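Please read the structure below before turning to the comments.
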Amino acid sequence: MTRIRPISAGELPAFASAAGAEHAADQQTYLARLLEQRATRTEWCYLAEDHGRNLGRVALWTLPTLTRPESVILLDSDDDAIAGELPAHAITVARQAGAETLGSVLDEPAQSPRWQADPERRAGWLVAAGFPVRRATSRWEMAADAGSPAIPDRLLFRTPSDVGDAAFLDAIERVSAGSLDLYTRSERGRLGASGEARQTWDDLRDMEWQPGWWELAFGARTSSAYRYEGAGILDFGGVSRHWWAADIAFALADARRSVARSLTTARNRRPRKSCVSAPAGSLAGDAWHGRRGR
């Protein structure tokens, strides 16, 4: 009979190798880092087993600043039936821990540290468990010491301490008005323009960030950055409609420079809204996006 149970602190190697030995060392390092950051807990890491034989695994992830689970990670099994039970179990645990929504990220192609082989099969597990696909996006990465384009003198940068939160909320609302991002558009429809801007603002502030990493050029653009797993993430950038679209390149370049001094890598991705598979909208009747992988 299959049993799904949380691991103990001493079972980290077994959990890391549950998907095979090839990437076990990489995943054990990843898990140790998540545990140290409080981005996961041993009581959020589950093994499926039958008479001591490992059949699969799943874990829950959150931002270190939060106490409730935010995402399903490390879902692995050779058995599709077991793979279907694991996210359902994760949803139950997440609900008990206070989560109202739950997401999942699927990388394609497979890459460190999650190594999610066979993405179509994995997507099927998530969809069957109640995680509809909400969006597919791309991610770019560059070394922090790479050169940046010169920033035009006509752009005047201001931080939240200079202009206040309201100016940034207004900029997010205006930038999102023309967004082609499916999640942004659906959230604007659900929450209204100001509600979606406030949700984006609140989500961004859940990250590890510094006030100087948020910049606004009035009437032109907005950008923000935060730090995750030793990399700087350029998380939000946009230009309002009456400015040149090329200004977004300067937004990204300037945001990258603002965090590059202390980091080795800068990534452009939307962790809040960046993944192929998203949520189980069954926790509180409200589906959402996938989050960073985490």
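Position in the sequence shown counted from 1, then plus 53, gives you my numbering.
In this text, a Cβ means the ideal position worked out from N, Cα and C, and glycines have one as well.
Because the structure is a prediction, the values reported are computed rather than measured.
Check your understanding: Can you name, in chain order, every residue of its own chain whose Cβ lies under 7 Å from the Cβ of S232, other than the five neighbours on each side?
Key -> The count along the sequence shown starts at 1 and reaches residue 232 at position 179. Hits under 7 Å: R238.
Exercise for review: Under 8 Å Cβ to Cβ from D79, same chain only, skipping five residues before and after it: list those, please.
Suggested key: Within the sequence shown, the letter at position 26 stands for residue 79. Around D79: S165, P166, W168.
**Study point:** Whether L179 touches S157 by CB criterion (7 Å)
**Key:** In the sequence shown, the residue the question calls residue 179 occupies position 126. In the sequence shown, the residue the question calls residue 157 occupies position 104. Their beta carbons are under 7 Å apart, which means L179 touches S157 by this criterion.
Review point. Thinking C-alpha only, which one of L235, A147, L257, A230 is nearest A246?
Key: In the sequence shown, residue 246 corresponds to position 193, counting from 1. Out of L235, A147, L257, A230, A230 has the C-alpha closest to the C-alpha of A246.
Check your understanding: Can you tell me the Cα-Cα spacing of G217 and D256, whole angstroms?
Key -> Here the question's residue 217 lines up with position 164 in the sequence shown. Here the question's residue 256 lines up with position 203 in the sequence shown. If I take the Cα positions, the gap works out to 17 Å.
Review point. Which residues bound the beta strand (DSSP E) around I57?
Key: Start at 1 with the first residue of the sequence shown, and residue 57 comes out as number 4. Note, I57: beta strand (DSSP E), 56-59.
Point to revise | Reduced DSSP secondary structure (H/G/I, E/B, other) of E226 | key: If you number the sequence shown from 1, residue 226 lands on position 173. Here E226 sits in helix by DSSP.
Check your understanding: With DSSP run on the structure shown, which of helix, strand or coil describes A189?
Key -> Within the sequence shown, the letter at position 136 stands for residue 189. Coil.
**Study point:** Cβ-based burial, D129 [other Cβ within 10 Å; buried from 16]
**Key:** Position 76 of the sequence shown, counting from 1, holds the residue named residue 129. Buried, because 16 or more other Cβ atoms sit within 10 Å of the Cβ of D129.
Check your understanding: Which class does R243 belong to by DSSP, given the choice of helix, strand or coil?
Key -> Residue numbering aside, residue 243 sits at position 190 when the sequence shown is read from its first letter. Helix.
Exercise for review: Decide yes or no for the touch test of the stretch 89-96 against the stretch 183-195: beta carbon pairs closer than 8 Å, at least 3 of them.
Suggested key: no
Practice item. Put E249 into one of helix, strand or coil per three-state DSSP. Key: Here residue 249 corresponds to residue number 196 of the sequence shown, with the count starting at 1. Helix at E249.
Practice item. Compute the Euclidean distance between the alpha carbons of E138 and R251, then round it to the nearest angstrom. Key: Taking the sequence shown and counting its residues from 1, one reaches residue 138 at position 85. Taking the sequence shown and counting its residues from 1, one reaches residue 251 at position 198. Roughly 35 Å between the two C-alpha positions.
Review point. Where does the unbroken alpha helix (DSSP H) through A101 begin, and where does it stop?
Key: Reading the sequence shown from its first residue, position 48 is the one you call residue 101. Note, A101: premise wrong, no alpha helix (DSSP H); beta strand (DSSP E) at 98-103.
Exercise for review: Check A112 in the structure and name its three-state DSSP category.
Suggested key: Translated into positions along the sequence shown, residue 112 becomes position 59. Strand.
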